[in-house]
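Asker:
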Amino acid sequence: MSHVIAACSVRGNSENTDKDLKTALISWLPTTPRRIDRLILQALLCTAPLKAMTRRDCGLYLASRHPARATMGSLLDSVCVHQLQPKPFEFVNSVSNAAGFHVAAQLGLEGPNLFIGAGPNVWKHLQAMAALDLADDLVGQALLVVIDEDQAFEAQAVLIAGPSQAADFAGLTAGIDVLQLQL
Amino acid sequence: MTPVYLQRGALHSALGADLRAANAALRNGLQPTANTVLLHELQAPRAYLAVAGGETPGEHCDRLIRETLGDEPGALDDCLLIVASTSLDIDELEARAARHGGFHPDHSTSLDLIAERLRERFGFVDAFTLNTACTSAANGLLYGARMLGAHLYRRVLVLAFETPSAIAQQGFGALGLVSPSGDYRPFHPQRDGLVLGEAYAATLLALEPGPAPLARLLGGFSACDTSSLTNTREDGSHIEWVMREALRGAGVTAEQIGLVKPHGTATGANDSAESNGVRRLFGEALPPLCVLKPWLGHTLGACGLTETLLLVENLAHLPACDYARDALLPLSGEPLAVTEGSLLLANYFGFGGNNASLVLQRGAGDAP
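Line by line, the protein sequences are chains P and Y.
Following our numbering, the numbering of the first sequence begins with 3 at its first residue and continues without gaps.
Following our numbering, the numbering of the second sequence begins with 1477 at its first residue and continues without gaps.
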């Protein structure tokens, strides 16, 4: 039996500016946080459409292949090339779990909030951690998120209410309508 | 939670080249000597606790694995690797950016790069990178242990480290969180911030004690306080809730706790919130408390393991605090000795609202 409640997939490419992402996000989140970077925007874009279905006792299990490159680049250029102090908001955004914080804050999630580097078995790892919290009744729902950007980007989110062991996003969401957003 | 053993441990820190040396330094009251880092633009000096010896982060990781698994680790096809760190390969990226006069998008490496490299080299059955700021290693221990309890793996190696990253040094400096005085004084009324530390640590988790277990992890809890990205609620209510859930998960009560190891960053807001949270949980009946960051520095994502190892190894020789009478929490002005089977509550908090608490017991332990 599938425990999947809802899912969303957002696709775009490098030509989609952060401003484009923010414009798209406003239709789901009228008051978006200020001074957030591209990874945070992508995480919010794929999770905000699921907000109406999430409960407070939901854990967040988020993964990204890379940090936000623009944030990392700006920090590296400031600190290592120009010998300047980093901008405080860029430094704070560079903490990998900043995206998870903003998702939890915007969706009102009070459960565990974990961030992992997305490797070859990313969906397996996210599902395993969520299954532990679901089995121990620490959470009633789990929101799994994977973000991957190279030239194109894809941000995928799945809301589940029970353990699952799918190989990937397609397997996890088989049989349900996935909200597809193309920027 | 099913109790899980920390069978072996390894630590490379400013306090010593290995765990044994760090234990000896702590017991003899030999605090590490800090290096000086200059904050850019301000040209203001800040203390930094570096690891001596000149090994690269890669060499440290190799030595940690040898010290934890042995020179001939054998097949690791039953062992999960969890890499817990906020710095990961930032030292390489910083060097590359300096060399090339700037960052280029193709310099960007996968956040999973180090875990995947180590998995391939050593033959771990699986590996992933966990990064939840300063709770990274605490969450690595907690979720690694629970994966063992669920029989997903037979062993888990948690590898935690923080390299001397210029971005971290300058970033915390820009936030005004690094101590100008260099005196690392958690819970002091005139505390003026943290001192960062470099460290590398590893532990092998298993359901069986092995020949000489360091400790048992009995339970823990981790959750996100969404009130602020950089601070937890100052009234301590979220910290209290996390500690209560950790105790509940371990099946113990606050009255049974024999020692609290606070997070104790010595930043204004964190120590105030943690002091409130600890008092909300324990009321007037506070157990002994011991802060360890002055001995290692704040080792950020690794502190959940570096401080846990130093704590469980030194229960009979915990250091005195020379400002105990003035501290926000009743730290001990005399060296502390806690009995072997005491239950320990260890706190680890981080940016991103991540708060985590672990319940531990030294050695093989008896059921609480």
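The C-beta atom is built at its ideal place from N, Cα and C for all residues, glycine as well.
Note that the structure is predicted; figures quoted are calculated from it, not measured.
With a cut-off of 8 Å on the beta carbons, I'd call Y:L1794 and Y:Y1676 a contact; round off their distance for me.
Answerer: Numbered from 1 along the second sequence, position 318 holds the residue referred to as residue 1794 of chain Y. Numbered from 1 along the second sequence, position 200 holds the residue referred to as residue 1676 of chain Y. Going by Cβ atoms, the distance from Y:L1794 to Y:Y1676 rounds to 23 Å, so no, they are not a contact pair.
Asker: With 8 Å as the threshold, decide whether the Cβ of Y:A1843 is near any Cβ in chain P.
Answerer: Taking the second sequence and counting its residues from 1, the one referred to as residue 1843 of chain Y is at position 367. The predicted model places Y:A1843 with a pLDDT of 49, which falls under 50 and marks its position as unreliable, so this point remains unresolved.
Asker: So what does Y:C1797 bridge to, in DSSP terms?
Answerer: On the second sequence, residue 1797 of chain Y is found 321 positions in, with the first residue counted as 1. Y:C1797 pairs with nothing; no bridge assigned.
Asker: I'd like the ranges of any beta strand (DSSP E) spanning at least 3 consecutive residues and lying wholly in the stretch 121 to 165 of chain P.
Answerer: For the stretch 121 to 165 of chain P, whole beta strand (DSSP E) runs of length 3 or above, ordered along the chain, are 143 to 151, 154 to 162.
Asker: Which one of Y:F1648, Y:E1674, Y:L1785, Y:E1810 has the shortest CA to CA distance from Y:L1617?
Answerer: Taking the second sequence and counting its residues from 1, the one referred to as residue 1617 of chain Y is at position 141. Measuring from the Cα of Y:L1617, the nearest candidate turns out to be Y:L1785.
Asker: Touch check for the stretch 1589 to 1596 of chain Y and the stretch 1711 to 1728 of chain Y: three-plus C-beta pairs under 8 Å?
Answerer: Counting Cβ pairs under 8 Å, fewer than three are found: no touch.
Asker: Could you check if P:I28 is buried or exposed, using at least 16 other CB atoms within 10 Å of its CB as the buried criterion?
Answerer: Walking along the first sequence from the start, residue 28 of chain P turns up at place 26. Looking at its Cβ environment, which holds fewer than 16 other Cβ atoms inside 10 Å, P:I28 is exposed.
Asker: Can you give me the start and stop residues for the alpha helix (DSSP H) that Y:V1754 sits inside?
Answerer: On the second sequence, position 278 is the one that residue 1754 of chain Y refers to. Here the alpha helix (DSSP H) through Y:V1754 covers 1744 to 1758.
Asker: Starting from Y:H1714, follow the alpha helix (DSSP H) in both directions and report where the run begins and ends.
Answerer: For this step, residue 1714 of chain Y is matched to residue 238 along the second sequence. Here the alpha helix (DSSP H) through Y:H1714 covers 1713 to 1726.
Asker: Under 8 Å, Cβ to Cβ, is there at least one residue of chain P near Y:G1780?
Answerer: Against the second sequence, residue 1780 of chain Y aligns to sequence position 304. Answer no: the Cβ-Cβ gap between Y:G1780 and chain P never drops below 8 Å.
Asker: What is the residue span of the alpha helix (DSSP H) that Y:H1576 lies within?
Answerer: On the second sequence, position 100 is the one that residue 1576 of chain Y refers to. Unbroken alpha helix (DSSP H) run through Y:H1576: 1566 to 1576.
Asker: Cα separation between Y:A1843 and P:L77?
Answerer: By one-based count along the second sequence, residue 1843 of chain Y stands at place 367. By one-based count along the first sequence, residue 77 of chain P stands at place 75. Low confidence applies here, because Y:A1843 scores a pLDDT of 49, under 50, leaving its location unreliable and the question unanswered by this model.
Asker: What is the rounded straight-line gap between the Cα of Y:A1523 and the Cα of Y:A1498?
Answerer: Taking the second sequence and counting its residues from 1, one reaches residue 1523 of chain Y at position 47. Taking the second sequence and counting its residues from 1, one reaches residue 1498 of chain Y at position 22. Straight-line Cα distance between these residues: approximately 19 Å.
Asker: With respect to the alpha helix (DSSP H) encompassing Y:V1788, which residues constitute its N-terminal and C-terminal limits?
Answerer: Here the question's residue 1788 of chain Y lines up with position 312 in the second sequence. Taken as a continuous stretch (DSSP letters only), the alpha helix (DSSP H) holding Y:V1788 covers 1779 to 1789.
Asker: Since Y:P1689 and Y:L1487 should fall inside the 8 Å C-beta cutoff, what is the C-beta to C-beta distance between them, to a whole number of angstroms?
Answerer: On the second sequence, position 213 is the one that residue 1689 of chain Y refers to. On the second sequence, position 11 is the one that residue 1487 of chain Y refers to. The Cβ separation is near 16 Å, so there is no contact.
Asker: By how many angstroms is the C-alpha of Y:A1778 removed from the C-alpha of Y:P1764?
Answerer: To locate residue 1764 of chain Y, count along the second sequence from 1; it is residue 288. To locate residue 1778 of chain Y, count along the second sequence from 1; it is residue 302. Distance between the alpha carbons of Y:P1764 and Y:A1778: 24 Å.
Asker: Taking the alpha-carbon positions, what's the P:G14 to P:V148 distance?
Answerer: In the first sequence, counting from the first residue as 1, residue 14 of chain P sits at position 12. In the first sequence, counting from the first residue as 1, residue 148 of chain P sits at position 146. The straight-line gap from Cα to Cα measures roughly 14 Å.
Asker: Would you list, in chain order, the members of the stretch 123 to 156 of chain P that have their beta-carbon closer than 7 Å to a beta-carbon of chain Y?
Answerer: Of all residues in the stretch 123 to 156 of chain P, N123, H127, A130, M131, L134 have a Cβ within less than 7 Å of some Cβ in chain Y.
Asker: So P:A130 packs on Y:M1623, CB below 8 Å; how close in whole Å?
Answerer: Taking the first residue of the first sequence as 1, we reach residue 130 of chain P at position 128. Taking the first residue of the second sequence as 1, we reach residue 1623 of chain Y at position 147. That belief holds up - the Cβ atoms of P:A130 and Y:M1623 are roughly 6 Å apart, short of 8 Å.
Asker: Would you check if there are 3 or more beta carbon pairs closer than 8 Å linking the stretch 1742 to 1760 of chain Y to the stretch 1700 to 1714 of chain Y?
Answerer: The stretch 1742 to 1760 of chain Y is in contact with the stretch 1700 to 1714 of chain Y.
Asker: Using CA coordinates, which residue listed in Y:R1838, Y:G1492, Y:N1831 is at the minimum distance from Y:A1613?
Answerer: Walking along the second sequence from the start, residue 1613 of chain Y turns up at place 137. Ranking Y:R1838, Y:G1492, Y:N1831 by Cα distance to Y:A1613 puts Y:N1831 first.
Asker: Whose C-alpha, out of Y:A1573, Y:R1484, Y:R1572, is nearest the C-alpha of Y:R1542?
Answerer: Sequence index remark: in the second sequence, residue 1542 of chain Y carries index 66 (1-based). Selected option, being the one with the closest Cα: Y:R1484.
Asker: Around the Cβ of P:I178, are there at least 16 other Cβ atoms within 10 angstroms (buried) or fewer (exposed)?
Answerer: Along the first sequence, one-based indexing puts residue 178 of chain P at 176. Label assigned to P:I178: exposed.
Asker: Can you pull the chain P neighbours of Y:T1784, defined as C-beta to C-beta under 8 Å?
Answerer: Position 308 of the second sequence, counting from 1, holds the residue named residue 1784 of chain Y. Ordered by position in chain P, no residue passes the 8 Å Cβ test against Y:T1784, which lies about 19 Å from the chain.
Asker: Kindly list, in the order they appear in chain Y, the residues whose Cβ is closer than 7 Å to that of P:I178.
Answerer: Numbered from its first residue, the first sequence carries residue 178 of chain P at position 176. Going along chain Y, no residue has its Cβ under 7 Å from P:I178, so there is no contact; the nearest lies around 26 Å.
Asker: Suppose the cutoff is 7 Å on Cβ atoms and the five residues either side in sequence are ignored; what does the same chain contact list for Y:L1812 look like?
Answerer: Here the question's residue 1812 of chain Y lines up with position 336 in the second sequence. Here the set comprises P1764, C1766, L1794.
Asker: My assumption, with CB atoms under 8 Å, is that Y:G1577 sits in contact with P:V83. Please give the rounded CB distance.
Answerer: As a position in the second sequence, residue 1577 of chain Y is number 101, starting the count at 1. As a position in the first sequence, residue 83 of chain P is number 81, starting the count at 1. Sure, about 6 Å apart at Cβ, within 8 Å.
Asker: Let me check one thing: in DSSP terms, what residues is Y:P1521 bridge-paired to?
Answerer: Taking the second sequence and counting its residues from 1, one reaches residue 1521 of chain Y at position 45. Beta-bridge pairing links Y:P1521 to Y:L1514.
Asker: Applying a beta-carbon distance threshold of less than 7 Å, which residues of chain P neighbour Y:G1649?
Answerer: By one-based count along the second sequence, residue 1649 of chain Y stands at place 173. By Cβ distance, chain P contributes Q87.
Asker: With a cut-off of 8 Å, does the C-beta of Y:L1705 fall near any C-beta of chain P?
Answerer: By one-based count along the second sequence, residue 1705 of chain Y stands at place 229. It does: the Cβ of Y:L1705 has a partner Cβ on chain P nearer than 8 Å.
Asker: Just to confirm the assignment, what range does the alpha helix (DSSP H) spanning Y:E1531 have?
Answerer: As a position in the second sequence, residue 1531 of chain Y is number 55, starting the count at 1. Careful: Y:E1531 lies outside any alpha helix (DSSP H) and carries neither H nor E.
Asker: If you drop the 5 nearest sequence neighbours on each side, which residues of the same chain put their C-beta closer than 7 Å to that of Y:G1468?
Answerer: The structure shown does not extend to residue 1468 of chain Y, since chain Y is modelled only from 1477 through 1844, so no value can be given for it.
Asker: Consult DSSP for Y:C1537 and reduce its assignment to one of helix, strand or coil.
Answerer: For the purposes of this step, residue 1537 of chain Y is identified with residue 61 of the second sequence, where counting begins at 1. In this structure, Y:C1537 counts as helix in the three-state DSSP scheme.
Asker: Looking only at C-alpha atoms, which of P:R67, P:V81, P:T56 sits nearest to Y:T1605?
Answerer: Within the second sequence, numbered from 1, the residue matching residue 1605 of chain Y stands at position 129. Closest by alpha carbon: P:R67.
Asker: Does the stretch 1543 to 1552 of chain Y come close enough to the stretch 1508 to 1525 of chain Y to have 3 or more Cβ pairs within less than 8 Å?
Answerer: Because the criterion of three Cβ pairs below 8 Å is not met, the stretch 1543 to 1552 of chain Y and the stretch 1508 to 1525 of chain Y do not touch.
Asker: Just the Cα atoms here: how many angstroms apart are P:D20 and P:A106?
Answerer: If you number the first sequence from 1, residue 20 of chain P lands on position 18. If you number the first sequence from 1, residue 106 of chain P lands on position 104. Roughly 21 Å separates the two Cα atoms.
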